[in-house]
Amino acid sequence: MAGKILRTKLCDMLGIEYPIVCAGMGPTLMGENTGSPVELAVAVSEAGGLGVLGGSGFTVDELQEAIREIKKSTGRPYGVDILLPSSLGISGDDLPSAVSELPLSEIVKTLPQPYQDWIKKVREEIGIPSVEIMVKLNTTTLHPKAAIRVCLEEKVPLFCAGLGNPGFMVQEAHANGVKVLGITGNSKNARRMAQSGIDLLVAQGYEGGGHTGRIGTMALLPVALDAAYPVPVLAAGGIGDGRGLAAALAMGCIGVWVGTRFLATNEGGALAVNKERILAATDEDTRVSKVFTGKTLRANYSKFHDLWDTSGLDALPFPVQVMVSSALMAGFIEANKADYIGGLAGQVSGLISEIKPAGRVVEEMVNEAVDILTRRLPENVVAR
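Residue numbers for the sequence shown follow this note's numbering, beginning at 616 and rising by one.
So, in structure tokens, the structure goes:
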């Protein structure tokens, strides 16, 4: 993108033109995407920001293929995001490569009986089929160590831990020329991650889509900036236009981590029904629940939230709960029960009214932020 100049320390650290990073987007477990994670990452990087591939949801081999596809498609920097489990001890790195997928029905049979009974009850009451899909034993569930190894071998410019503290891998990452980013939702964890040696920290407020914490962005940023110092911080949660970008920079952040706005683009790999929900949503049309993954996650509101709230069940640990939600979501999609289908989305959905190319999102965010910082703010504020 030619024209406006908007540079921060982040641009120098990552070799990018604008301080805008696309949150990691990965493949969906089922249904047809209207874009692809690789396509989105490339589009954002080509526009001058930093595209991030969401690695969880791929098998390890697929992850390596996707990284190499990004490299072939752009010579610009990019990142890879992995959801790290609380303990890497569950890693199945020693499993033969042939064990990369299992039928969902077989996995459901291993769930505690009350959860199997609830899945059966919902299928009967809503009238949805039991859909057989193959579940990838992916980078999060069984192969986090192997996924990290692939990222280091491929020398990705930026490794991002969407969940978990990546401090344990910093030394090896730096030896391979890889920078490391962590994400937090509170100041205590911000301090812990900063002390672990990471290069960048994302402070994500409660407004954000996907896995999220309990503190709003405006309250979180100052305390996270103080706790993480001197590690630089990016802002996330409720940011979808140039106003949010300018505000984050004014708070002292060196850039922004943007999810929902990039999900609702031509290249964003969400189901069409989820993109439509984002466009139709107000700022009140998302919910935080553990139903999808076992961790607090903000998504488009759907009747699936109501079903879970009346189930009487507690969420199973991440990522086992993913199998519970997937068993039903597959049926909702197959039966076209749109009222029960929801996807990750933040409260910023209320700002989004158009699906557009990701590159245009970057351009518009930059233009608006520059206008605010150079023209509108000086006109409206007198400071001495």
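Heads up, the beta-carbon is just placed ideally off N, CA and C, and yes, glycines get one too. Everything numeric in this text was worked out from a predicted model, so none of it was measured.
Buried or exposed (CB count within 10 angstroms, at least 16 for buried), LEU717
Classification of LEU717: exposed, given that the 10 Å Cβ count is below 16.
I'd like to know if the stretch 858 to 878 and the stretch 928 to 943 are in contact, where contact means that at least 3 CB-CB pairs between them fall below 8 Å.
With the cut-off at 8 Å, the stretch 858 to 878 and the stretch 928 to 943 do not touch.
By DSSP's criteria, MET866 is part of a beta bridge. Which residues make up the other side?
According to DSSP, MET866 bridges with nothing at all.
Between the alpha carbons of LEU773 and GLY690, how many angstroms are there, rounded?
Straight across, the Cα-Cα distance linking LEU773 with GLY690 is about 14 Å.
Starting from the Cα of ALA865, find the closest Cα among MET808, GLY672, MET833 and ARG902 and give me that residue.
MET833
Examine the Cβ distances between the stretch 982 to 996 and the stretch 619 to 629 and report whether three or more of them are shorter than 8 Å.
By the criterion of at least three beta-carbon pairs nearer than 8 Å, the stretch 982 to 996 is in contact with the stretch 619 to 629.
Taking the alpha helix (DSSP H) that GLU994 falls in, what are its first and last residues?
992 to 995
Scan the stretch 844 to 888 and note each continuous alpha helix (DSSP H) run of 4 residues or more that stays entirely inside, going in chain order.
857 to 866 and 875 to 878
Unbroken beta strand (DSSP E) run spanning PHE774, endpoints:
773 to 778
Using the C-alpha atoms, what's the distance from ASP814 back to ASP627?
13 Å
Can you give me the Cβ contacts of LEU655 inside the same chain, cut-off strictly under 8 Å, excluding the 5 residues immediately before and after it?
CYS637, MET640, GLY666, PHE877, THR880, GLU882, GLY883, GLY884 and ALA973
For ILE631 versus PRO692, is the C-beta distance shorter than 7 Å?
yes
When GLN962, LEU943 and PHE673 are compared against ALA914, the one with the closest alpha-carbon:
Across the set GLN962, LEU943 and PHE673, the C-alpha of GLN962 shows the shortest separation from the C-alpha of ALA914.
With the cut-off set at 7 Å, would you say GLY782 and SER811 are in Cβ contact?
It is a contact, given that the beta carbons lie within the stated cut-off.
Per the contact definition of three or more C-beta pairs closer than 8 Å, is the stretch 950 to 966 in contact with the stretch 739 to 754?
yes
Nearest-angstrom Cα separation, counted from SER720 out to ARG738:
Cα to Cα, ARG738 sits roughly 14 Å from SER720.
Helix, strand or coil: how does DSSP classify TRP923 here?
helix
Contacting residues, own chain, Cβ-Cβ under 6 Å from ILE893 (five flanking each side not counted)
ALA879, ALA960, SER964 and ILE967
Residue range of the unbroken beta strand (DSSP E) whose run includes GLU768
Element bounds for GLU768: not the beta strand (DSSP E) but the alpha helix (DSSP H), 759 to 768.
Per-residue burial, HIS1006 [other beta carbons within 10 Å of its own, 16 or more giving buried]:
In the structure as shown, the chain starts at 616 and stops at 999, and residue 1006 therefore has no counterpart that could be examined.
Within-7 Å CB hit, PRO718 to chain D:
Of the protein chains in the structure, only one exists, and it is not chain D.
With a Cβ-Cβ cutoff of 7 Å, do VAL1004 and ALA662 count as a contact?
Residue coverage of the chain in this structure runs from 616 to 999, which leaves residue 1004 outside it and unanswerable.
How far does the beta strand (DSSP E) with TYR916 in it extend, from its first residue to its last?
First-last for TYR916: undefined, no H or E at that position.
So, helix, strand or coil for LYS905, using DSSP?
coil
Given that a residue counts as buried once 16 or more other Cβ atoms are within 10 Å of its Cβ, and exposed if not, what is LYS751?
Buried, by the Cβ-count rule.
Considering just the uninterrupted stretch of the alpha helix (DSSP H) at ASP696, what are its terminal residues?
First-last for ASP696: 693 to 698, but that is the beta strand (DSSP E), not the alpha helix (DSSP H).
Using CA atoms only, rank isn't needed, just tell me which of ALA942, VAL906 and ASN889 is closest to ASP900.
Its Cα nearest to that of ASP900, the residue ASN889 stands out among ALA942, VAL906 and ASN889.
Can you give, in chain order, each stretch of the beta strand (DSSP E) that sits fully within the stretch 778 to 843 and has at least 3 residues?
794 to 799 and 815 to 819
Within 8 Å, do at least three Cβ pairs link the stretch 812 to 831 to the stretch 910 to 925?
yes
Rounded separation between GLU768 and VAL675 - CA only
Spanning the two alpha carbons is a distance of roughly 12 Å.
Nearest residue (CA-CA) to TRP733, options ALA998, LYS971 and LEU943
LEU943
Which residue's Cα is closest to the Cα of ILE685: GLY958, GLY800, MET784 and CYS766?
That would be CYS766, whose Cα lies nearest to the Cα of ILE685.
Among ASP841, ASP696, THR911 and LEU886, which residue has its Cα nearest to the Cα of ALA945?
By alpha-carbon distance to ALA945, the top candidate from ASP841, ASP696, THR911 and LEU886 is LEU886.
Mind checking whether LEU836 and ALA850 have CB atoms under 7 Å apart?
yes
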